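Below is one structure, written out as structure tokens; comments come after it.
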Amino acid sequence: AFRRNQLQTISRAPAQPRKPQKSRENVKDLINLIVVGHVDAGKSTLMGHLLYEMEFVDSRTMEKYKHEAARSGKSSFAYAWVLDETEEERERGVTMDVARVSFETDTKRICLLDAPGHKDFISNMITGTSQADAAILVINGTRGEFETGFENGGQTKEHALLLRSLGVTQLIVAVNKLDTVDWSRDRFEEIKNNLSVFLTKQAGFANPRFIPVSGLSGENLTKKTTEIPWFNGPCLLESIDSFVAAKLPISGPLRIVVSDVLKVQSAQLILSGKIESGEIEKDDKVYIMPSVTAATVKACSNTISNTEQCLAGDHVLLTLAGTFEPDSIQTGSVVVRAGPDTLIPARRFLVRLVVFDILTPIIKGSTAELYAHSICVSCTFSKLNHSINKSNGEILKLKPRFLAKGTSAIVEIETDQDVAIEPFTKCRSLGRVTFRSGGKTIAAGIVENVL
Ligand code: GDP
């Protein structure tokens with residue numbers, strides 16, 4: 139009851155007067171990009187080679203990787219090491235950790251989410267996808283391999299469904315390893331035709347763009363090549379450049395998702411996070427949800443530009459003053475302000491979801507782990523409200539007894555603890571949820587309403 143009163147007081151507080159609206163001048167639009175695809179499709183090699191061609195690493199370092207890779211009998215992995223090295227660096231230093239890998243194209247800044255190559259790829263992918271504006275789906279074009287990745291058990295479909303059900307609409311399909319089939323146009327078209335049907339009809343991508351590439355030999359990454367005379371489209375880099383940035387709500391309510399709590403003391407807290415909406419500066423008064431902890435900003439810095447400008451889309455490092463209980467603030471907590479736009483933690487909410495390829499259907503009372511931005515909590519499907527038509531949202535069946543694979547539905551979810559989430563229409567990244575059970579993703583969707 140005390141907490142409820144406290145939340146009421148916070149939400150009834152007047153909106154804090156904000157300084158004249160800030161904007162980001164002379165800065166390229168930011169695209170948060172995720173790279174997905176079946177294991178061994180060549181994600182790390184492709185992105186590593188692209189980064190190398192963009193001079194992310196110098197040629198001496200690259201020679202060193204090639205040499206070391208050859209010596210350890212894994213010469214084909216040299217480009218993947220460009221990303222691995224960054225991974226190690228990220229583990230060593232705080233700044234690298236939150237900055238992620240970023241690079242620039244002609245008109246965009248690209249932030250590469252969760253550099254591929256992790257072991258626990260799907261759960262990393264979920265965290266990554268929940269922040270993504272756009273995606274590259276890497277397909278292994280080698281004969282037989284595309285088919286493996288695409289059939290039952292392969293990850294291609296699951297990744298594509300996950301992206302789409304979490305609200306990612308822009309997709310490039312990199313048909314990779316085409317060097318292994320002599321740049322066969324027929325093979326490219328075969329994959330494109332098969333995959334297009336699935337991506338547009340089942341997953342619901344309006345306009346996936348297919349690009350033939352080789353991550354290993356480097357064709358069509360940053361420049362067009364003569365190897366593929368039959369392809370008139372853009373190279374990979376040009377396609378990435380033409381992604382459209384999500385409109386960042388700088389003037390929107392403050393939402394900073396905590397990605398890491400770096401230091402907790404009774405009166406001081408240092409954390410890293412991503413500003414999903416709004417802006418923050420020194421001396422601001424904030425609250426951290428769901429624990430409803432009041433704090434004052436003592437310092438904030440943008441970990442990519444190393445400046446104090448901290449606006450929606452930025453990764454930031456915050457030093458806060460207040461009274462902090464150990465463990466009350468965690469990865470997945472959200473920094474907000476008091477006022478009508480504050481975030482009220484939720485325990486029951488409506489989700490519009492898509493059910494993945496599962497053997498046991500979801501029934502009322504089924505339990506799962508719920509993933510949203512950077513949180514993971516236990517939850518129950520407490521009501522199955524109705525199943526819906528994927529393409530137009532029409533109600534198909536009221537109160538279905540179960541949800542089988544492929545179904546779209548509106549369901550009521552209950553969590554066993556308060557979580558900082560809200561409707562997708564209010565804040566995209568706080569409104570995307572994924573459900574896992576028995577080590578598999580069983581469904582994903584967006585929060586429609588908090589009850
Ligand atoms: P990931 O698991 O999707 O990140 O795949 P990797 O990037 O680790 O690549 C898996 C294997 O495929 C490695 O041996 C790569 O050298 C190889 N590979 C990646 N891209 C290509 C390509 O375009 N052509 C060929 N022939 N091999 C590739």
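Per UniProt numbering: the sequence shown = residues 139 to 589.
All C-beta atoms in this analysis are idealised placements derived from N, C-alpha and C, irrespective of residue type, glycine included.
These figures come from a predicted structure and were not determined experimentally.
Distances between the C-beta of Ala179 and the heavy atoms of the ligand GDP include at least one below 8 Å. Ala272 is positioned such that its CB atom lies closer than 9 Å to that of Phe381. Exclusion of the five residues before and after Arg302 leaves Ala341, Gly342, Phe343 as the residues of its chain whose Cβ lies within less than 7 Å of its Cβ. Per the C-alpha coordinates, the member of Lys361, Phe369, His176, Gly292 positioned closest to Arg325 is Phe369. In the three-state scheme derived from DSSP, where H, G and I count as helix and E and B as strand, Lys423 is classed as strand. Within 10 angstroms of the beta-carbon of Thr364 lie fewer than 16 other beta-carbons, which makes it exposed.
Tyr203: member of the alpha helix (DSSP H) spanning 197-209, first to last residue.
Residue range 546-557 is occupied by the beta strand (DSSP E) that includes Gln555, with no alpha helix (DSSP H) assigned at that position.
Arg574 and Glu550 have their C-alpha atoms roughly 16 Å apart. For Lys564, no beta strand (DSSP E) segment is defined, and its DSSP state is neither H nor E. Considered as a whole, the region 497-522 harbours 505-510 as its complete beta strand (DSSP E) runs of no fewer than 3 residues, in chain order. Burial check for Glu560: the Cβ neighbour count within 10 Å reaches 16 or more, so the residue is buried. Taking the Cβ of Ser415 as the reference point, every heavy atom of the ligand GDP lies at 8 Å or farther away. The DSSP assignment places complete alpha helix (DSSP H) segments of no fewer than 4 residues inside the region 310-362 at 323-335, in order along the chain. In the three-state reduction of the DSSP assignment, Val306 falls in the coil class, being assigned neither a helical nor a strand state.
Per DSSP, His176 lies in no alpha helix (DSSP H) and is assigned neither H nor E. Sorting Pro350, Gly544, Lys202, Val311 by C-alpha distance to the C-alpha of Phe494 places Gly544 at the top. With the rule of 3 Cβ pairs closer than 8 Å, the region 196-203 does not count as touching the region 469-477. For Phe336, the closest alpha carbon among the candidates Lys295, Leu589, Val173 is that of Lys295.
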